[in-house]
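S.K.:
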């Protein structure tokens with residue numbers, strides 16, 4: 018696998034700087050640098066070194082030409098928006114770019130009237146205000162959140178080649194989540210010994226509700242009122258949401274208003290009409306909570322084009338709802354051969370990990386893939402393995418390997434259809 | 018040290034929920050929940066569960082009542098603004114709240130015209146465009162950035178008791194910084210064997226320039242074009258800055274336009290008129306680059322007030338420019354006795370670490386302190402030790418222990434003056 022071998026020895030200047038324009042990606046330049054016509058704005062003609070710049074401000078903003086945006090779905094009204102994975106690097110998602118998925122829109126909830134009721138099979142049914150929650154010992158952690166339907170467009174054999182990572186897998190974001198461990202609240206109210214499940218219900222118009230095993234509530238679940246240092250954003254459940262590290266997005270109930278302790282799952286609408294995986298034999302895989310190991314290359318990807326051959330860094334994200342990522346392999350020949358990518362520190366459990374891999378493009382057609390392994394030993398499956406196991410009717414947990422084609426022109430497209 | 022001991026066994030509901038209001042902090046509620054008159058806005062009177070919420074959007078925003086803000090300095094025009102440390106929890110600083118310190122304001126630099134010249138004692142003087150920089154293998158890391166003058170108001174014996182953590186130490190922020198290792202660029206241009214220093218110069222109106230030992234450039238220095246996943250913000254050096262993990266802020270030259278390789282420090286204006294530490298004997302401590310271990314309690318702090326006695330979580334930040342934090346101790350009796358705080362994972366080198374410590378306030382006057390130790394064994398000094406070693410004329414690297422007084426009323430004030 019010559020093309021995916023890392024370079025040996027000192028980097029060659031000639032290999033890196035073969036373009037006079039220095040353009041990394043035609044698509045990138047087109048959308049990011051040219052979208053705003055800088056010449057038409059009131060830009061001082063002077064050299065910035067010759068005039069004082071603007072003074073400090075209370076709140077910063079992006080540079081005029083930088084316009085990363087979420088992508089709301091095409092349906093009207095839309096019920097989701099996607100993070101621009103192909104425009105981000107590192108692991109953090111800025112809060113205003115965190116993906117959305119709502120079942121009844123974003124409710125407006127006043128924090129001073131917020132209440133969380135915890136009741137059911139407990140000794141002391143209790144209403145907690147936001148101030149009550151904030152007073153408890155807190156914890157914050159970096160963790161991904163992913164919609165269980167993320168990437169389900171790729172379960173078909175023919176997704177559009179002109180799909181960006183945002184369109185394919187943009188229902189994925191990473192934040193530092195802050196809150197009180199749910200286990201603390203459960204100890205406060207005194208859970209009865211025969212209890213085994215929880216019902217978590219949101220305060221939105223959908224009254225979204227999910228059944229959660231008590232064991233998860235006692236493990237690493239948070240009632241989260243903070244995100245990336247500040248208050249949780251309205252679209253993410255302000256003032257407080259359930260956060261279940263590694264578990265499918267909809268179980269992380271937003272605008273959390275009620276937790277009922279019980280001894281069985283409640284079988285709510287969202288776990289019967291939705292969020293089950295139909296299998297080929299007519300049965301369904303239900304309560305498939307954990308998001309299995311997955312990865313996607315975010316560069317090169319559509320809409321980018323490689324302007325010339327030579328060394329390029331393949332960049333992507335890998336994550337697992339079951340713990341740490343231990344390995345990411347990259348193939349440049351459609352899966353015939355694989356090489357280990359570099360995992361960038363910190364590699365945190367139930368958090369996205371950035372992987373990077375040096376690849377020398379020789380100018381011929383190439384099929385780029387990434388394959389993640391997590392600490393349980395689970396390996397991200399190929400498309401035919403996943404669909405073979407689940408059947409054609411499944412539409413959740415589409416964590417199979419993603420493939421990009423690099424054409425001889427340098428143009429990159431989503432290539433799942435071509436390889437199948 | 019009875020009052021600082023952690024509680025034993027199961028949390029007591031009675032200890033936690035003694036207020037009917039459940040108010041955590043009078044100041045917090047006053048500034049965050051009441052600053053916006055919600056009743057005057059067009060808020061639907063209906064229960065949010067009975068009406069559809071707003072649909073997804075391209076770019077999120079904060080909840081109306083949440084208004085964290087940087088605090089620009091009082092001078093006109095100001096040259097800095099401070100992060101609201103007392104309103105944040107966790108370790109990440111949202112990019113629009115990252116502190117600022119400029120010497121000539123924020124220049125407006127177009128990314129398509131950006132160039133970085135690397136020259137001097139090199140084999141191949143080279144101009145790198147932004148696209149060139151982006152093509153090199155990248156790295157991102159979570160790291161703090163702190164102005165060397167942060168906290169210098171506390172070097173006086175009488176700082177105002179009504180000082181917030183933002184006012185005292187708000188020239189500190191933490192981001193995920195992304196860029197190309199400077200060592201990669203230096204290998205590209207071929208540094209001559211006798212070189213030992215770099216000059217880094219910014220493209221702002223101040224042409225801020227600092228001398229940097231070549232060893233740091235070959236170690237963990239980055240030319241950073243990304244911050245928290247997206248493009249570096251204009252106030253932070255857009256489109257690219259030098260980032261020197263753990264080193265005083267001004268050496269992390271923003272709007273980086275030139276690196277000159279040499280065999281001696283250049284002795285620029287900013288390392289003679291500023292950023293040296295005068296000592297008591299009339300000499301000066303120059304090139305004091307690394308930020309020593311430091312910590313500050315962010316809650317309870319001014320302007321908060323504890324509404325009642327009982328268990329409270331003391332929360333704060335600790336960081337060291339020399340590596341990982343290994344220990345944070347908390348005292349509630351002005352330094353007579355200390356207890357180990359809990360360090361929250363991940364504990365990363367040259368990054369802020371969140372510490373948390375359960376403390377039972379018995380209603381009497383208390384003096385809260387935190388003291389950090391890093392992996393080199395260095396222990397954050399007390400005020401008299403620091404000023405004794407440096408002399409009264411010093412105004413940088415004020416990393417001594419901070420003290421808050423909790424009055425019998427529950428009101429919290431900055432107490433350095435009282436204990437001295």
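Residue numbers (our numbering), protein chains in the order written: chain R, 18 to 437; chain E, 18 to 437. Note that the Cβ used here is the ideal one computed from N, Cα and C, for glycine as well. Remember, it's a predicted structure, so these values are computed and weren't measured experimentally.
Keeping to the same chain, check which residues put their C-beta closer than 8 Å to that of residue 201 of chain R; ignore five residues upstream and five downstream.
M.R.: Contacts found: 153 and 154.
S.K.: What separation, rounded to the nearest whole angstrom, lies between the Cα atoms of residue 410 of chain E and residue 246 of chain E?
M.R.: Straight-line Cα distance between these residues: approximately 41 Å.
S.K.: For residue 221 of chain R, which residues in the same chain have their Cβ closer than 6 Å to its Cβ, ignoring the five residues on either side in sequence?
M.R.: Correct list, in chain order: 121, 124 and 272.
S.K.: For residue 271 of chain E, which residues does DSSP report across the bridge?
M.R.: Its beta-bridge partners do not exist; DSSP assigns none.
S.K.: With 16 other CB atoms within 10 Å as the buried threshold, where does residue 317 of chain E fall?
M.R.: The residue is buried, with at least 16 neighbouring Cβ atoms inside 10 Å.
S.K.: To be precise: take each residue of the region 65-80 of chain E, compare its Cβ to all Cβ atoms of chain R, and keep it if any distance is under 8 Å. Which residues remain?
M.R.: The residues in question are 65, 66, 67, 68, 69, 70, 71, 72, 73, 74, 75, 76, 77, 78, 79 and 80.
S.K.: Is there a Cβ of chain C sitting closer than 8 Å to that of residue 107 of chain E, yes or no?
M.R.: Within the model displayed, chain C is absent; protein chains R and E are what it includes.
S.K.: Is the separation between the beta-carbon of residue 306 of chain R and that of residue 264 of chain R shorter than 8 Å?
M.R.: Going by C-beta atoms, residue 306 of chain R is nearer than 8 Å to residue 264 of chain R.
S.K.: Under 8 Å: do the region 229-236 of chain R and the region 197-212 of chain R share three or more Cβ pairs, one atom per stretch?
M.R.: Touching, per the Cβ criterion.
S.K.: Could you give the first and the last residue of the continuous alpha helix (DSSP H) run that contains residue 407 of chain E?
M.R.: Note, residue 407 of chain E: alpha helix (DSSP H), 400-407.
S.K.: For residue 315 of chain E and chain R, any beta-carbon pair shorter than 8 Å?
M.R.: For residue 315 of chain E, the answer is no, since every Cβ of chain R falls outside 8 Å of its Cβ.
S.K.: Name the chain E residues whose beta carbon is nearer than 9 Å to that of residue 136 of chain R?
M.R.: The contacting residues do not exist; residue 136 of chain R stays about 14 Å from chain E at best.
S.K.: Provide the residue span of the beta strand (DSSP E) that contains residue 311 of chain R, from first to last.
M.R.: First-last of the beta strand (DSSP E) with residue 311 of chain R: 311-316.
S.K.: Expressed to the nearest angstrom, what Euclidean distance is found between the alpha-carbon atoms of residue 396 of chain R and residue 329 of chain E?
M.R.: Each residue's alpha carbon lies about 44 Å from the other.
S.K.: When the Cα atoms are used, what is the spatial distance from residue 228 of chain E to residue 190 of chain E?
M.R.: Looking at the two C-alpha atoms, the distance is approximately 23 Å.
S.K.: Taking residue 278 of chain R as the reference, give the member of R/342, R/425, R/80 and R/139 with the closest Cα.
M.R.: Answer by Cα proximity: R/139.
S.K.: Just to make sure I have the definition right: I need the residues of chain E whose C-beta is within less than 7 Å of the C-beta of residue 126 of chain R. Which are they?
M.R.: What residue 126 of chain R touches in chain E: 65.
S.K.: So, with DSSP's three-state summary, where would you put residue 428 of chain E?
M.R.: Three-state result, residue 428 of chain E: strand.
S.K.: Taking DSSP as the reference, what is the three-state secondary structure of residue 253 of chain R?
M.R.: Three-state DSSP puts residue 253 of chain R in a helix.
S.K.: Verify the CB distance criterion: does residue 240 of chain R have a CB-CB separation below 8 Å to chain E?
M.R.: Output row for residue 240 of chain R: interface = no.
S.K.: Suppose you measure from the CA of residue 374 of chain E to the CA of residue 346 of chain E; what does that come to, to the nearest Å?
M.R.: Rounded to whole angstroms, residue 374 of chain E to residue 346 of chain E spans 9 Å at the Cα level.
S.K.: Just checking: is the beta-carbon of residue 103 of chain E within a distance shorter than 8 Å of some beta-carbon in chain R?
M.R.: Judged by the 8 Å Cβ criterion, residue 103 of chain E is not in contact with chain R.
S.K.: What does residue 255 of chain R reach in chain E if we use C-beta pairs closer than 7 Å?
M.R.: Under the 7 Å cutoff, chain E gives 80.
S.K.: Alpha carbon to alpha carbon, what distance is there between residue 104 of chain R and residue 85 of chain R?
M.R.: Their Cα atoms are separated by approximately 7 Å.
S.K.: Report the option in E/276, E/100 and E/157 whose CA atom is closest to the CA atom of residue 230 of chain E.
M.R.: Of E/276, E/100 and E/157, the residue nearest in Cα terms is E/276.
S.K.: Just how far apart, CA to CA, sit residue 45 of chain R and residue 423 of chain R?
M.R.: Interpretation of residue 45 of chain R is limited by its pLDDT of 33, a score under 50 that renders its predicted location unreliable; no figure is taken from the coordinates.
S.K.: Compare the C-beta of residue 142 of chain E against all C-beta atoms of chain R and say whether one is closer than 8 Å.
M.R.: It does not; no Cβ of chain R falls within 8 Å.
S.K.: If the cut is a Cβ gap below 7 Å, which residues of chain R does residue 369 of chain E touch?
M.R.: Near residue 369 of chain E there are no residues of chain R at all, since even the closest Cβ is about 10 Å away, more than 7 Å.
S.K.: Closest by CA to residue 258 of chain R, which one among R/282, R/225, R/371 and R/286?
M.R.: Of R/282, R/225, R/371 and R/286, the residue nearest in Cα terms is R/225.
S.K.: Between the C-alpha atoms of residue 109 of chain E and residue 159 of chain R, what's the straight-line distance to the nearest angstrom?
M.R.: Each residue's alpha carbon lies about 10 Å from the other.
S.K.: Hey, residue 253 of chain R and residue 417 of chain R: beta-carbon distance below 8 Å or not?
M.R.: Against a cut-off of 8 Å, the Cβ pair of residue 417 of chain R and residue 253 of chain R comes out as no contact.
S.K.: With distance defined between alpha-carbon atoms, name the residue in R/119, R/393, R/415 and R/331 nearest to residue 377 of chain R.
M.R.: Ranking R/119, R/393, R/415 and R/331 by Cα distance to residue 377 of chain R puts R/331 first.
S.K.: Quick one: measure Cβ to Cβ for residue 182 of chain R and residue 342 of chain R, integer angstroms, because I've assumed they're closer than 8 Å.
M.R.: 18 Å between Cβ atoms; not a contact.
S.K.: Could you tell me whether the Cβ atoms of residue 111 of chain E and residue 98 of chain E are closer together than 8 Å?
M.R.: Not in contact: residue 111 of chain E and residue 98 of chain E (Cβ atoms no closer than 8 Å).
S.K.: Rounded to a whole number of angstroms, what is the C-alpha to C-alpha distance between residue 358 of chain E and residue 379 of chain E?
M.R.: Residue 358 of chain E and residue 379 of chain E: Cα-Cα distance of roughly 19 Å.
S.K.: Report the rounded CA-to-CA distance for residue 83 of chain R versus residue 255 of chain E, giving the unit in angstroms.
M.R.: C-alpha separation (whole angstroms): 10 Å.
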